[in-house]
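Read in order, the letters of the sequence shown correspond to residues -16 to -1, 1 to 124 in mature numbering (1 follows the signal peptide of the UniProt record, and there is no 0). Positions of the beta carbon are idealized from the N, C-alpha and C atoms, including for glycine. Reviewing the structure listed below.
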Amino acid sequence: MKTFVVLASLAACALAQRLHIQEPTSGQTVSGSGTVTVELEQDQSLGPLVQTSVLIAMNNCFDVCSEPDQWGPATVLYNGPFNPQFNSSAPEKGVYQDFAIQLPGFQSGGAIIQVAHQFQAGGATLTNVFDYSTVQVNVQ
């Protein structure tokens, strides 16, 4: 029973740390060879939290955007540290970080921006947690 309580607590803690893609929004149009701002917002931490990394990737999905198993390989646009901060001039945003990313020339049509996030959360001992989010955009 104690094991269940510990695992349930860790799961709840991990879910409370979820990363959200605030920009671009679903259905937004982006230029295939322009710069896109990817804004990532982290839920407020309920306990100790150590940011490890974030990976931002994108791939064309054309007419199968609603079928993840049909997506082809993605192009990695950013792979590095994630250091979200609170901005007192925009408190409604919470804890977030913006990434200005130059797109290398995607074809027109539907595309998926994917974000994989790794961090450590927990109490006395930190546990590795992985989070994954996507947003569909239109490439022009």
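- Beta-bridge pairing by DSSP links Val48 to no other residue.
- Sequence-distant partners of Gln6 (beyond 5 residues in either direction) whose C-beta falls short of 8 Å from its own C-beta, in its chain, are Glu23, Leu24, Glu25, Lys77 and Tyr80.
- Between Phe103 and Val119, the gap from beta carbon to beta carbon reaches 8 Å or more.
- In this structure, the beta-carbon distance from Asn44 to Ala95 falls below 8 Å.
- Between Val48 and Gln54, the CB-CB gap stays under 8 Å.
- If you check the CB distance, Leu33 and His101 do not come in under 8 Å.
- At a cut-off of 4 residues, not a single continuous stretch assigned as alpha helix (DSSP H) sits fully inside the stretch 44 to 91.
- Per DSSP, reduced to three states, the secondary structure at Leu30 is coil, with no helix or strand assignment.
- Taking the C-beta atoms as reference points, Gln91 is found nearer than 8 Å to Val123.
- Distance between Gly18 and Leu87, taken at the CA atoms: about 6 Å.
- When rounded, the separation of the alpha-carbon atoms in Met42 and Phe70 is 27 Å.
- According to DSSP, Gln120 shares a beta bridge with Ile96.
- With fewer than 16 other CB atoms across the displayed protein chains lying within 10 angstroms of its CB, Ala84 is exposed.
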